[in-house]
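Numbering (the UniProt record's numbering), first residue to last: 1 to 495.
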């Protein structure tokens with residue numbers, strides 16, 4: 001990469017709700033796209049948009065105004081979604097193995113996660129590329145970027161079986177971006193959405209692109225069951241394979257569920273069942289408090305769903321469980337090790353969910369020419385590999401490396417967003433890094449909000465930006481563990 005003093009910035013970001021309610025609710029809600037979304041996106045570009053939102057939960061209220069900030073925004077999925085407004089991030093430095101100064105700063109001008117739906121919940125019937133189209137369309141609209149101005153679209157997507165040829169390309173075209181603009185996906189399991197942002201920044205830094213839409217999408221509810229019949233079968237039953245498990249949740253090296261890797265971490269780092277349940281209760285309670293305090297309100301863009309009773313406005317995330325407490329959680333049985341030694345339960349693990357998230361990135365000079373104030377500067381990022389059997393500790397080396405590249409110490413960081421794949425993992429990471437729990441996942445994490453595999457990386461980033469804006473934080477770190485034994489982290493600077 002050539003040296004470049006003109007940093008890359010993120011000017012818009014959004015996500016859909018994380019959806020998962022269980023089989024009993026599948027098909028209850030049928031999303032309805034708002035009338036104004038049906039018009040060509042170019043008709044909405046003239047006035048621009050102030051404020052940024054991430055789509056969350058159900059339809060939500062419009063994003064709040066951020067005085068003096070013209071934001072490039074992200075969007076939500078077409079069905080059930082809320083958009084959350086994130087905070088401004090200013091100039092940043094480029095990531096990579098070289099020093100930030102050598103690469104040029106990468107900035108986030110606007111960040112929006114989509115609403116996140118529960119498994120077999122409100123978003124369960126929505127094709128994943130429609131979730132992607134919704135967030136792409138909205139981030140471009142709010143950023144006042146015409147579809148033909150986009151150089152490239154890069155999305156994380158994990159469970160692609162049965163979704164058709166290149167679902168990200170379908171999402172891109174569905175959002176009104178011309179056929180002439182390339183679109184493609186990256187697959188890094190849980191880290192896919194954040195890796196897509198890294199790839200977008202790299203594309204801009206090396207001069208291949210000028211404006212990139214990056215993010216992630218996933219509809220875990222629609223992951224199909226598979227059967228191998230190419231060469232025929234012998235007499236007898238033929239088993240079906242759950243693609244959600246084999247392609248997303250089963251370790252490729254040891255052939256066991258991610259939950260077993262969490263049990264391995266709990267055993268090695270001496271994390272008790274009580275410790276895990278405490279983390280889960282805190283996550284749920286923080287999310288509940290944040291919702292009741294209206295911390296998410298300005299991030300949310302309403303989505304209207306049709307039902308037998310007419311139109312319904314959805315404006316709350318589906319997955320959080322209000323009123324969670326230790327007594328109730330302690331009654332749940334371990335679900336991965338059932339021999340009396342298990343500690344991981346459905347309550348202290350992340351959810352199986354649906355959702356999408358997107359951001360818009362460009363160089364600082366481009367944002368200045370458009371009158372945009374970046375949300376944040378991308379200072380550095382890093383990825384690391386660990387033993388697959390304890391994949392959950394992947395963020396430990398990734399965070400250390402990213403923070404070192406940024407020239408920071410862990411004490412310098414104001415806010416951490418670290419994906420709560422499992423509570424056992426969260427405890428081990430905090431112990432190993434010596435993190436202040438008051439700085440980590442202050443609005444709750446994936447245990448409460450959910451974990452749509454391909455989208456979570458970008459959702460984590462958007463949540464980080466919003467939290468930094470609300471709390472006045474300047475330095476933030478987003479990180480995730482990754483199935484197969486990896487971790488990824490990104491450092492961002494605001495103000």
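Glycine is no exception: its CB is placed at the ideal position from the N, C-alpha and C atoms.
For clarity, every value in this text was computed on a predicted model and none was experimentally measured.
Worksheet item: Less than 8 Å separating the beta-carbons of residue 345 and residue 334?
Response: yes
Discussion item. Restricting to runs no shorter than 4 residues, where is the alpha helix (DSSP H) found entirely within the stretch 150–236?
Written reply: 167–174 and 192–205
Worksheet item: Out of 168, 472 and 347, which has the shortest C-alpha to C-alpha gap to residue 187?
Response: 168
Practice prompt. Please report how far the alpha carbon of residue 9 lies from the alpha carbon of residue 241, in whole angstroms.
Written response: 42 Å
Item to complete: Identify, in the order they occur along the chain, each residue of the same chain with its Cβ nearer than 6 Å to the Cβ of residue 507, setting aside the five sequence neighbours on each side.
Response: Nothing about residue 507 can be reported from this structure: the residues present for the chain run from 1 to 495 only.
Worksheet item: Below 8 Å between beta carbons: does that hold for residue 394 and residue 218?
Response: No; because the gap between Cβ atoms is not below 8 Å, this pair is not in contact.
Worksheet item: For residue 326, does the count of other Cβ atoms within 10 angstroms reach 16, so buried, or fall short, so exposed?
Response: exposed
Worksheet item: Just how far apart, CA to CA, sit residue 238 and residue 158?
Response: 25 Å
Worksheet item: Is it the case that the Cβ atoms of residue 213 and residue 153 are separated by a distance below 8 Å?
Response: yes
Discussion item. So, does the stretch 483–490 touch the stretch 390–408, judging by three or more C-beta pairs under 8 Å?
Written reply: Counting Cβ pairs under 8 Å, three or more are found: they touch.
Worksheet entry | residue 458, enclosing beta strand (DSSP E) - first and last residue | Taken as a continuous stretch (DSSP letters only), residue 458 belongs to no beta strand (DSSP E), being part of the alpha helix (DSSP H) at 456–471.
Worksheet entry | Supposed contact pair residue 193 and residue 517 - C-beta distance, whole angstroms, cut 8 Å | The structure shown does not extend to residue 517, since the chain spans only 1 to 495, so no value can be given for it.
Worksheet item: If you count every other CB in all the chains shown that lies within 10 Å of the CB of residue 426, and 16 or more means buried, which is it?
Response: Around the CB of residue 426, 16 or more other CB atoms lie within 10 Å, so the residue is classed as buried.
Discussion item. Between the alpha carbons of residue 259 and residue 383, how many angstroms are there, rounded?
Written reply: 22 Å
Discussion item. For residue 328, count the other beta carbons within 10 Å of its own beta carbon; 16 or more makes it buried, fewer makes it exposed. Which is it?
Written reply: exposed
Discussion item. Below 8 Å, how does it come out for the stretch 246–263 and the stretch 408–417: are there three or more Cβ pairs, yes or no?
Written reply: no
Worksheet item: Mapping DSSP to helix, strand and coil, what is residue 9?
Response: strand
Discussion item. Which of the three DSSP states is assigned to residue 246 in this structure?
Written reply: helix
Worksheet item: Near residue 423, what residues of its chain come up, given a Cβ to Cβ distance below 6 Å and the 5 sequence neighbours on each side ignored?
Response: 276, 279, 280 and 348
Worksheet item: So what's residue 339 in DSSP terms, helix, strand or just coil?
Response: coil
Practice prompt. List in chain order: all unbroken beta strand (DSSP E) runs of 3+ residues lying wholly within the UniProt domain "Thiolase C-terminal" (372–492).
Written response: The qualifying runs are 376–385, 415–418 and 475–482.
Discussion item. Could you pull the DSSP bridge partners for residue 363 from this structure?
Written reply: 8
Item to complete: Return the CA-CA distance between residue 70 and residue 452, expressed in angstroms with no decimal places.
Response: With a pLDDT of only 28 at residue 70, under 50, the local geometry of the prediction cannot be trusted, and the value read off the model is given with reservation. About 29 Å.
Worksheet item: Using 8 Å as the threshold, is the stretch 466–481 in touch with the stretch 173–184, meaning 3 or more CB pairs across them?
Response: no
Practice prompt. Identify whether residue 261 lies in helix, strand or coil by the three-state DSSP scheme.
Written response: helix
Item to complete: Give me whichever residues DSSP pairs with residue 358 in a beta bridge.
Response: 14 and 215
Practice prompt. Hey, could you find the ends of the alpha helix (DSSP H) residue 141 is sitting in?
Written response: 128–143
Practice prompt. Using a threshold of 8 Å, state whether the C-beta atoms of residue 323 and residue 118 are closer than that.
Written response: no
Worksheet item: Helix, strand or coil: how does DSSP classify residue 43 here?
Response: Confidence at residue 43 is low in this model, with a pLDDT of 31, below 50, so its placement is unreliable and the value that follows should be read with caution. Residue state, collapsed to three classes: helix.
Worksheet entry | Boundaries of the alpha helix (DSSP H) in which residue 272 is found, first to last residue | Element bounds for residue 272: n/a, residue is neither H nor E.
Item to complete: Determine the DSSP secondary structure at residue 241, reduced to helix, strand or coil.
Response: strand
Discussion item. Rounded to whole angstroms, what is the Cα-Cα separation between residue 289 and residue 466?
Written reply: 16 Å
Worksheet item: Where does residue 283 sit, in a helix, a strand or coil, going by DSSP?
Response: The three-state reading of DSSP puts residue 283 in helix, counting H, G and I together.
Discussion item. If you reduce the DSSP assignment to three classes, tell me which class residue 124 lands in.
Written reply: coil
Worksheet item: Sorted by chain position, which residues of the same chain lie with C-beta nearer than 7 Å to residue 295's C-beta, five sequence neighbours on each side aside?
Response: 443 and 470
Worksheet entry | Cβ-Cβ distance between residue 492 and residue 376 below 8 Å | yes
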